[in-house]
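**Student:** Take this structure, written in structure tokens, and hold onto it; I'll ask about it next.
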Amino acid sequence: CSSDLSQQCLQPLDVTITNVDSTTVNLDWFAAGFCENTLIEYGAPGFAPGTGLTAGGGTLVAADCLSFALQNLPENTELDIYLRTDCGATVSANSCVVSATTLCALAPVTLREDFNSQTQCIQNCNVTCPLTGTWQNDLADDFDWLVNTGSTPTDLTGPTTDADGDGQYLYIETSGTNCRNGNEAILLTPCIDVNTADKPACHFSFQYHAYGNNVDSLKLEISFDAGGSWTTLWNVFGNQGDRWIKEYIDL
């Protein structure tokens, strides 16, 4: 697949799938020229996309010119996805195809923590922040996770609100030197019984926001012996942009 940059109405470039769950595929791309809106066509693997404002063998939806979440998709389904730019008077050629497979639908949530009942803490690196929910600060780590709402105090870092838009979240304030240079802030849960005897699967999901030039790493670990040893299930490194990202972990 190649792009013809000589055309006046340019197709979307660098189409990337940023997240997938059971019914949603999140897309980012680069609008190379003028864009009134973006047309996204998706369908079964190998389908022939349409041209202009007309769908081919897939489903056609209109989006803005930066990113979009394809929603209400069938679960556990393979999809091919094409994008084209609507420039008003003309429509570009189709982008290179990207493919995604939606996940299986998850079982109902049996344990949930949104931190909205927690007491907010002073936004300072060296503050002790007592938590009383499922997640609690480790007393033996280097500094604490803090309860906050709205923006974080340091410019160009952190979110402006929680993932739901109107509640609280936990974050680490790293503007003090005691909270940098390899120091760790650890959250712990009590022992949780993962019983799948009468269920097809058990998942752990969470949303995270890793934005800022000094972001190091975030890890999820599990212990089967009450904290005697730990196994890493998931990790991420570095700046992930100014957005909340949802992860699903199969337990």
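Under the working numbering, think of the first position of the sequence shown as 20, with each following residue one higher.
By construction, the Cβ of each residue, glycine as well, lies at the ideal position given by its N, Cα and C atoms.
Go through the segment 107-188 residue by residue and report every complete run of the beta strand (DSSP E) that reaches 3 residues or more, in order.
**Tutor:** Runs found: 117-120, 165-168.
**Student:** On the three-state DSSP scale, how would you describe Thr-37?
**Tutor:** Residue 37 sits at position 18 when you count from the first residue of the sequence shown. The answer is strand: DSSP assigns Thr-37 an E or B state.
**Student:** Which same chain residues end up closer than 6 Å to Gly-107 when comparing Cβ atoms and leaving out the 5 residues on each side of it in sequence?
**Tutor:** Here residue 107 refers to the residue found at position 88 of the sequence shown. Answer for Gly-107: Glu-55, listed in chain order.
**Student:** Between Asn-135 and the rest of its own chain, which residues show a CB-CB distance below 7 Å, the 5 nearest in sequence each way excluded?
**Tutor:** For the purposes of this step, residue 135 is taken as the residue at position 116 of the sequence shown. These residues qualify, in order along the chain: Gly-186, Gln-187.
**Student:** Shortest alpha-carbon distance to Ile-264 belongs to which of Asn-167, His-228, Thr-147, Gly-257?
**Tutor:** Here the question's residue 264 lines up with position 245 in the sequence shown. It is His-228 whose Cα lies nearest to the Cα of Ile-264.
**Student:** Look up Ser-86 in the DSSP assignment and give the residues it is bridged to.
**Tutor:** For the purposes of this step, residue 86 is identified with residue 67 of the sequence shown, where counting begins at 1. The partner list for Ser-86 (beta bridge, DSSP) reads Asp-47.
**Student:** Quick one: grab the DSSP three-state call for Thr-193.
**Tutor:** Residue mapping note: residue 193 aligns to position 174 of the sequence shown, counting from 1. Looking at Thr-193 - three-state DSSP - the assignment turns out to be coil, as it is neither helix nor strand.
**Student:** Between which two residues does the beta strand (DSSP E) containing Asp-212 stretch?
**Tutor:** As a working note, residue 212 is residue 193 in the sequence shown. Counting along the chain, Asp-212 falls outside any beta strand (DSSP E), and DSSP gives it neither H nor E.
**Student:** With which residues is Leu-237 paired in a DSSP beta bridge?
**Tutor:** For the purposes of this step, residue 237 is identified with residue 218 of the sequence shown, where counting begins at 1. DSSP lists Val-255 as partners of Leu-237.
**Student:** May I ask which residues mark the beginning and end of the beta strand (DSSP E) holding Asn-56?
**Tutor:** Reading the sequence shown from its first residue, position 37 is the one you call residue 56. Residues 56-62.
**Student:** Do Ala-124 and Glu-94 count as a contact pair if the criterion is CB distance below 8 Å?
**Tutor:** The sequence position of residue 94 within the sequence shown is 75, counting from 1. The sequence position of residue 124 within the sequence shown is 105, counting from 1. Against a cut-off of 8 Å, the Cβ pair of Ala-124 and Glu-94 comes out as a contact.
**Student:** Of all the options Gly-257, Ala-67, Phe-225, which has the alpha carbon lying nearest to the alpha carbon of Asp-181?
**Tutor:** Start at 1 with the first residue of the sequence shown, and residue 181 comes out as number 162. Comparing Cα positions, the closest option is Phe-225.
**Student:** Compute the distance between the beta-carbons of Leu-165 and Ile-205, then report whether it is under 8 Å.
**Tutor:** Taking the first residue of the sequence shown as 1, we reach residue 165 at position 146. Taking the first residue of the sequence shown as 1, we reach residue 205 at position 186. It is not a contact, given that the beta carbons lie outside the stated cut-off.
**Student:** Which residues bound the beta strand (DSSP E) around Arg-103?
**Tutor:** One-based indexing of the sequence shown puts residue 103 at position 84. Taken as a continuous stretch (DSSP letters only), the beta strand (DSSP E) holding Arg-103 covers 97-105.
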